[in-house]
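Using the working numbering, you'd call the opening residue of the sequence shown number 25 and step up by one each time. Positions of the beta carbon are idealized from the N, C-alpha and C atoms, including for glycine. All of these numbers come straight from a predicted model, not from anything done at the bench.
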Amino acid sequence: MPKPVVPEDKRRRRRPTKNGTVLSEELIVDTALRMLREHGSAGLTARRLGLALDADPSTLYRYFRGMDELTLAIGDALIGQALQGWRRTGEWRADLRSFGLRIHAAYLAHPQAALLTTNRVTGRAHELAADEAVLDVLRTAGFPLPETVRIYHAFIDQTLAFAALDAASLALPSDSLHADEGMWRSTYARLPAATHPRIAEAAPLLATRMLTSAYPTALEMLLDSAAARLEAAGRD
């Protein structure tokens with residue numbers, strides 16, 4: 025049977041840790057993010073997290089029912105970072121573009137955490153706020169409800185999919201990452217036109233383009249498609 029989670033206000037009245045720090049959910053999540061950045065997902069355990077916080081590992085279960093719930097909190101924290109400073113302009117394309125780029129950037133700032141959380145549904149406050157915002161942007165712009173849900177689905181999944189893909193590259197050991205990037209300038213650039221004509225003619229562009237994320241381009245394509253559907257709905 026899972027241990028009960030103590031409300032935040034009651035946790036804060038407990039004695040501080042040995043080094044005088046009062047634990048909080050935010051502090052635990054921030055420490056977990058640092059550990060993921062430094063050691064990867066394999067290095068994030070209750071024991072190691074307790075050591076980093078100078079607290080008994082069992083104390084963590086007053087805040088989270090287990091490491092999986094902590095994982096959801098980490099994912100929600102990344103979405104919260106994307107929400108910080110985001111302001112709607114009233115122009116739906118600009119608002120979705122800026123929000124999508126902010127989500128993508130927030131995950132890439134923590135690639136190890138991104139690999140752990142992009143495929144999860146947290147059901148927590150920041151995720152709910154983000155979903156509500158995207159749906160409201162689309163409905164306010166005049167999209168019919170079925171189209172709103174369709175575009176929302178594509179927007180969220182595309183953003184998280186690119187975040188996971190790009191984070192996976194950033195999480196590679198530096199030697200492996202450089203080797204992958206160099207492949208476009210070595211193997212691909214040297215393919216003869218006689219056997220690979222299309223790759224040969226595109227090689228100079230591929231060597232530049234393939235070293236950057238395709239997410240901004242894919243996002244614009246999605247927004248172009250959404251704009252065309254909105255125009256068609258208006259005609260109908």
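Host alpha helix (DSSP H) of residue i (start-end)
i, result
"serine 198", "198-207"
"glycine 147", "Element bounds for glycine 147: n/a, residue is neither H nor E."
"histidine 13", "Only positions 25 to 260 of the chain appear in the structure, and residue 13 is not among them; the question remains open."
"alanine 70", "70-77"
"histidine 63", "49-63"
"aspartate 100", "91-107"
"serine 122", "116-132"
"valine 173", "169-194"
"serine 234", "According to the sequence as given, residue 234 is methionine; it is not serine. Segment: none, methionine 234 is in no alpha helix (DSSP H) and carries neither H nor E."
Inter-residue spacing [alpha-carbon to alpha-carbon] between residue i and residue j
i, j, result
"isoleucine 98", "aspartate 80", "20 angstroms"
"serine 249", "serine 237", "20 angstroms"
"tyrosine 239", "isoleucine 223", "22 angstroms"
"alanine 252", "valine 53", "41 angstroms"
"arginine 112", "arginine 148", "22 angstroms"
"glutamate 255", "aspartate 78", "58 angstroms"
"glutamate 50", "alanine 188", "24 angstroms"
"glutamate 93", "valine 145", "11 angstroms"
"tyrosine 176", "arginine 58", "31 angstroms"
"tryptophan 116", "methionine 207", "39 angstroms"
"histidine 63", "arginine 214", "37 angstroms"
"threonine 55", "leucine 229", "41 angstroms"
"threonine 211", "leucine 194", "22 angstroms"
"isoleucine 180", "arginine 174", "10 angstroms"
"alanine 203", "valine 161", "42 angstroms"
"leucine 68", "asparagine 143", "18 angstroms"
"leucine 169", "leucine 159", "9 angstroms"
"methionine 245", "glutamate 205", "25 angstroms"
"leucine 15", "proline 216", "No information on residue 15 is available, as it lies outside the stretch 25 to 260 that the chain covers here."
"phenylalanine 88", "arginine 259", "51 angstroms"
"alanine 185", "phenylalanine 167", "24 angstroms"
"serine 200", "histidine 134", "19 angstroms"
"arginine 163", "glycine 114", "12 angstroms"
"alanine 129", "proline 221", "36 angstroms"
CB contact flag (residue i, residue j, <8 angstroms)
i, j, result
"threonine 95", "threonine 45", "no"
"alanine 226", "arginine 209", "no"
"alanine 191", "tyrosine 131", "yes"
"glutamine 136", "leucine 60", "yes"
"leucine 139", "serine 65", "yes"
"glutamate 151", "aspartate 100", "yes"
"glutamate 171", "alanine 257", "yes"
"glycine 124", "leucine 243", "yes"
"alanine 76", "methionine 91", "no"
"isoleucine 127", "threonine 219", "no"
"arginine 270", "leucine 247", "This structure gives no information on residue 270, because the portion of the chain shown stretches from 25 to 260."
"alanine 165", "isoleucine 103", "no"
"leucine 107", "threonine 83", "no"
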